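**Q** Dropping a structure here in structure tokens format, bear with me for questions.
Number of protein chains: 2
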Amino acid sequence: MLEDKNQPKTQLENLGEFGLIEHLTKNIEITQESTIKSIGDDAAVLDFGTKKAVVSTDLLVEGVHFDLAYMPLKHLGYKAVVANVSDICAMNATPTQITISIAVSNRFPLEAIEELYEGMKLAAKIYNVDIIGGDTTSSQKGLIISITAIGEANLDDIVYRNGAQQNDLLVVTGDVGAAYMGLQVLEREKQVFQVNPNNQPDLEPYSYLIERQLKPEARKDIKELLEKLEVKPTSMIDISDGLSSEIIHLCKQSNVGCNLFEEKIPADPQLINVCEEFNIDITTVALNGGEDYELLFTIKMEDFDKIKANPNFTVIGHMTEAKEGMHLITRANTKIALKARGWNALSE
Amino acid sequence: MLEDKNQPKTQLENLGEFGLIEHLTKNIEITQESTIKSIGDDAAVLDFGTKKAVVSTDLLVEGVHFDLAYMPLKHLGYKAVVANVSDICAMNATPTQITISIAVSNRFPLEAIEELYEGMKLAAKIYNVDIIGGDTTSSQKGLIISITAIGEANLDDIVYRNGAQQNDLLVVTGDVGAAYMGLQVLEREKQVFQVNPNNQPDLEPYSYLIERQLKPEARKDIKELLEKLEVKPTSMIDISDGLSSEIIHLCKQSNVGCNLFEEKIPADPQLINVCEEFNIDITTVALNGGEDYELLFTIKMEDFDKIKANPNFTVIGHMTEAKEGMHLITRANTKIALKARGWNALSE
Numbered sequence: 007m008l009e010d011k012n013q014p015k016t017q018l019e020n021l022g023e024f025g026l027i028e029h030l031t032k033n034i035e036i037t038q039e040s041t042i043k044s045i046g047d048d049a050a051v052l053d054f055g056t057k058k059a060v061v062s063t064d065l066l067v068e069g070v071h072f073d074l075a076y077m078p079l080k081h082l083g084y085k086a087v088v089a090n091v092s093d094i095c096a097m098n099a100t101p102t103q104i105t106i107s108i109a110v111s112n113r114f115p116l117e118a119i120e121e122l123y124e125g126m127k128l129a130a131k132i133y134n135v136d137i138i139g140g141d142t143t144s145s146q147k148g149l150i151i152s153i154t155a156i157g158e159a160n161l162d163d164i165v166y167r168n169g170a171q172q173n174d175l176l177v178v179t180g181d182v183g184a185a186y187m188g189l190q191v192l193e194r195e196k197q198v199f200q201v202n203p204n205n206q207p208d209l210e211p212y213s214y215l216i217e218r219q220l221k222p223e224a225r226k227d228i229k230e231l232l233e234k235l236e237v238k239p240t241s242m243i244d245i246s247d248g249l250s251s252e253i254i255h256l257c258k259q260s261n262v263g264c265n266l267f268e269e270k271i272p273a274d275p276q277l278i279n280v281c282e283e284f285n286i287d288i289t290t291v292a293l294n295g296g297e298d299y300e301l302l303f304t305i306k307m308e309d310f311d312k313i314k315a316n317p318n319f320t321v322i323g324h325m326t327e328a329k330e331g332m333h334l335i336t337r338a339n340t341k342i343a344l345k346a347r348g349w350n351a352l353s354e
Numbered sequence: 007m008l009e010d011k012n013q014p015k016t017q018l019e020n021l022g023e024f025g026l027i028e029h030l031t032k033n034i035e036i037t038q039e040s041t042i043k044s045i046g047d048d049a050a051v052l053d054f055g056t057k058k059a060v061v062s063t064d065l066l067v068e069g070v071h072f073d074l075a076y077m078p079l080k081h082l083g084y085k086a087v088v089a090n091v092s093d094i095c096a097m098n099a100t101p102t103q104i105t106i107s108i109a110v111s112n113r114f115p116l117e118a119i120e121e122l123y124e125g126m127k128l129a130a131k132i133y134n135v136d137i138i139g140g141d142t143t144s145s146q147k148g149l150i151i152s153i154t155a156i157g158e159a160n161l162d163d164i165v166y167r168n169g170a171q172q173n174d175l176l177v178v179t180g181d182v183g184a185a186y187m188g189l190q191v192l193e194r195e196k197q198v199f200q201v202n203p204n205n206q207p208d209l210e211p212y213s214y215l216i217e218r219q220l221k222p223e224a225r226k227d228i229k230e231l232l233e234k235l236e237v238k239p240t241s242m243i244d245i246s247d248g249l250s251s252e253i254i255h256l257c258k259q260s261n262v263g264c265n266l267f268e269e270k271i272p273a274d275p276q277l278i279n280v281c282e283e284f285n286i287d288i289t290t291v292a293l294n295g296g297e298d299y300e301l302l303f304t305i306k307m308e309d310f311d312k313i314k315a316n317p318n319f320t321v322i323g324h325m326t327e328a329k330e331g332m333h334l335i336t337r338a339n340t341k342i343a344l345k346a347r348g349w350n351a352l353s354e
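So the sequences go chain by chain: A and B. When we follow my numbering, the leftmost residue of the first sequence carries the number 7, and every step to the right adds one. When we follow my numbering, the leftmost residue of the second sequence carries the number 7, and every step to the right adds one.
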């Protein structure tokens, strides 16, 4: 799916490390007022005035976090930036800058790395963050991407994972589980392709799921939306590992329990259809499938009226005393303990 | 040299990703006033008040940047932090926080990663920086380390690479080339060890060189020292790739040329001896050997009197018009163009 064998290929050795950095960073524009000095020195310089700086970082490894057989490099670059921007959004902060480090083996020609950077630059543009630095080096095997995102916020606006209180409502943005099933569809197509490379897959019935997997978006809009509705979450996290795992993070750090209602978990109609086709339980997918990059947060019960009419938000449960534990209340009204299966990179 | 086969080994799979992060970060103390929120949320939160934030990042790959056959993990961790702290020092800023991301293959037991972290924590303590976040994941092959360092400075104090002027003096701290020859000594010992594992090497005559390679230090002291001497450099960079390469960076970004005097380049007596033993030209080593983490900077000529008596500084050349180019003036008084051989990761 990825490779056009006729495209021009420039070997990275011919450029050298400095040449590659220069080549990749020459068109990077700076738009943030807080960026005083960007790429080209030992470090970037940022000015946050009276605002606070928020910093997050991620490391992505080929074969562990992504498979280039179905993940086009431009999409990978876009997604890598989105995942980091999402962490800043989950602090109720505004993303402002990113640094990008990549290590590449010699199997990648310059054009491949350019494509990766195209996706990164596109995401930086769309989310209005400056690319202010990074590192470019070689790897012995595969592609490695490390991104650090920086954001700004007023101290009073920042929302941590540890502020949830008993009786708070648990709210999720958008829908969950689609990115995981998008991956399942792509994995199946990869296997079909390996058996018959001439097979032309019809991916139309899976378009939403595949887009959620290949080109997810961070919910940068939520901060503004909540401000408009005059709601400040008591705790917040983004859904990168899976709903279940993120709920457990909020509960543990806030020292509360939680009842999550199966019937309330928002799912896209396409996800419902595809879970039937794959004969997979949709709730398992919603609980354990990661990479949706939606936001999960808690609000005070009295704020319910302010958000209930907004289609971006779904109340999926409420917080309890810590000793009551963390449970899924099924449609059949049975109580099942939540497990942090999540996306466990080290056991895979 | 590294492994004690009898030491306890805990498989990383048993801990899981979250367990490993929790285990590695549980004793990390926070001492910086500017650290509002550290590890444990989607992002860390920093407060720089009226100071500016300075950000730098590095990606280190096993087999490319380090060889665990002679680099103990604790030293590697220490050095990885030092390399990043050094970049902040090279901005004439004070390092305050770091994030640490690592990817490890299953061949590393928990104890190995703990050792790596021990070195990182030690460096964080010595350089007084807070470890505020990071990412821990698996790799398909080897160890990958990504560190982002953050520092603070008054805007007026920050020194860029692009401020050097014609007639400015070129100054280097400490001595150069030793880290590279330390690596050569270790490479030789590795080969001896492979032929005869029972051979006990006598590394005493190389102790300084090996220490410069295995446990380099960042020149965090220089900012304060220059302040005391009332000297503000016009441009500055740290020596990570090699003197020649760093001089070229300063010249290109400042749009000046340079005359570097071979006889002025500071070398440790041990380096002189070992270069003779290895039959390697010491100037080649000083120019192209990297990882010394000394600072290279330019000052106005009228500041010469302020620094000339200080043993930390050596004037090694002066800046010229750009059109005169960048040259080494040899002991025999011949002019040789400087080349950015440096440490070219992509051609190796």
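Cβ coordinates follow ideal geometry from the N, Cα and C atoms, glycine included. Remember, it's a predicted structure, so these values are computed and weren't measured experimentally.
Specify the secondary structure class of B:L344 as computed by DSSP and reduced to three states.
**A** In the structure shown, B:L344 sits in coil (DSSP, three-state: anything other than H, G, I, E or B).
**Q** Is A:A118 buried or exposed, if buried means 16 or more other CB atoms sit within 10 Å of its CB?
**A** Buried, by the Cβ-count rule.
**Q** Use the C-beta contact count for B:G157: other C-beta atoms within 10 angstroms, 16 or more gives buried, fewer gives exposed.
**A** Label assigned to B:G157: buried.
**Q** At least one CB of chain A closer than 7 angstroms to the CB of B:Q17: is that the case?
**A** Not one chain A Cβ lies under 7 angstroms of B:Q17.
**Q** Along the alpha helix (DSSP H) that carries A:I253, what are the first and last residues, could you check?
**A** Its alpha helix (DSSP H) spans residues 249–260.
**Q** For A:V70, name the three-state secondary structure that DSSP assigns.
**A** A:V70 falls in the coil class under three-state DSSP.
**Q** What does the alpha-carbon distance come out to for the pair A:K57 and B:F54?
**A** Cα to Cα, the separation comes out at about 8 angstroms.
**Q** Taking Cβ positions, are A:V198 and A:N204 nearer each other than 7 angstroms?
**A** No, the pair does not count as a contact, with Cβ atoms beyond the cut-off.
**Q** With 9 angstroms as the limit, tell me which residues of the segment 59–75 of chain B have their beta carbon closer than that to any beta carbon of chain A; keep them in chain order.
**A** Listed by position, the residues of the segment 59–75 of chain B near chain A (Cβ gap below 9 angstroms) are A59, V60, V61, S62, T63, D64, L65, L66, V67, E68, G69, V70, H71.
**Q** Let me check one thing: in DSSP terms, what residues is B:G140 bridge-paired to?
**A** Per DSSP, B:I106.
**Q** Considering just the uninterrupted stretch of the beta strand (DSSP E) at A:K43, what are its terminal residues?
**A** Element bounds for A:K43: 41–43.
**Q** Closer than 8 angstroms by C-beta to A:I288: which residues in its own chain qualify, once you throw out the five before and the five after it? Chain order, please.
**A** Around A:I288: G183, A273, L277, I278, C281.
**Q** Residues in the segment 293–308 of chain B with C-beta within 7 angstroms of chain A's C-beta atoms, listed in sequence order?
**A** Those residues of the segment 293–308 of chain B that come within reach of chain A (Cβ to Cβ, closer than 7 angstroms) do not exist; the list is empty.
**Q** Name the DSSP beta bridge partners of B:V60, please?
**A** In the DSSP output, where bridge partners are listed per residue, B:V60 has A:V51, B:G157.
**Q** Kindly indicate which residue of A:F310, A:I138, A:A99, A:E283 has the alpha-carbon position closest to the one of A:I106.
**A** The candidate whose alpha carbon is nearest that of A:I106 is A:I138.
**Q** Would you grab the beta carbon distance between B:Q172 and B:V237 for me? Rounded to a whole angstrom, and I think it's under 8 angstroms.
**A** With a Cβ gap of about 18 angstroms, B:Q172 and B:V237 do not count as contacting.
**Q** With DSSP as the reference, label A:D244 as helix, strand or coil.
**A** In the structure shown, A:D244 sits in a strand (DSSP, three-state: E or B).
**Q** Can you name the start and end residues of the beta strand (DSSP E) that A:I228 belongs to?
**A** Looking at the DSSP string, A:I228 is not in any beta strand (DSSP E); the run it does join, the alpha helix (DSSP H), is 227–234.
**Q** Between A:R167 and chain B, is there a C-beta pair that is closer than 7 angstroms?
**A** Yes - at least one Cβ of chain B is within 7 angstroms of the one on A:R167.
**Q** When DSSP labels each residue in this structure, what does A:V135 get in the three-state scheme?
**A** In the structure shown, A:V135 sits in coil (DSSP, three-state: anything other than H, G, I, E or B).
**Q** Can you find at least 3 beta carbon pairs, one from the segment 209–229 of chain A and one from the segment 184–195 of chain A, that sit closer than 8 angstroms?
**A** Result yes; three or more Cβ-Cβ pairs closer than 8 angstroms.
**Q** Is B:P101 helix, strand or coil by DSSP?
**A** The answer is strand: DSSP assigns B:P101 an E or B state.
**Q** Rounded to whole angstroms, what's the CA-CA distance from B:L235 to B:M307? Just pull it up for me.
**A** Their backbone Cα atoms lie some 14 angstroms apart in a straight line.
**Q** Taking only the alpha-carbon atoms, compute the straight-line gap between A:F72 and A:A86 and give it to the nearest angstrom.
**A** Rounded to the nearest angstrom, the two C-alpha atoms are 10 angstroms apart.
**Q** For A:T143, decide whether its Cβ has a neighbour in chain B, counting only Cβ atoms nearer than 7 angstroms.
**A** Judged by the 7 angstroms Cβ criterion, A:T143 is in contact with chain B.
**Q** Measuring only the C-alpha atoms, how far is A:Q146 from B:D247?
**A** Distance between the alpha carbons of A:Q146 and B:D247 is about 20 angstroms.
**Q** Using 8 angstroms for Cβ pairs, my map puts B:H324 next to B:L176. What's the rounded Cβ distance?
**A** Right, their Cβ atoms sit about 6 angstroms apart.
**Q** For A:R194, count neighbouring C-beta atoms within 10 Å of its own C-beta (all shown protein chains included) and say buried if the count is 16 or more, exposed if not.
**A** Under this definition A:R194 is an exposed residue.
**Q** What's the C-alpha gap between A:A170 and B:E230?
**A** Approximately 44 angstroms, taken between the alpha carbons.
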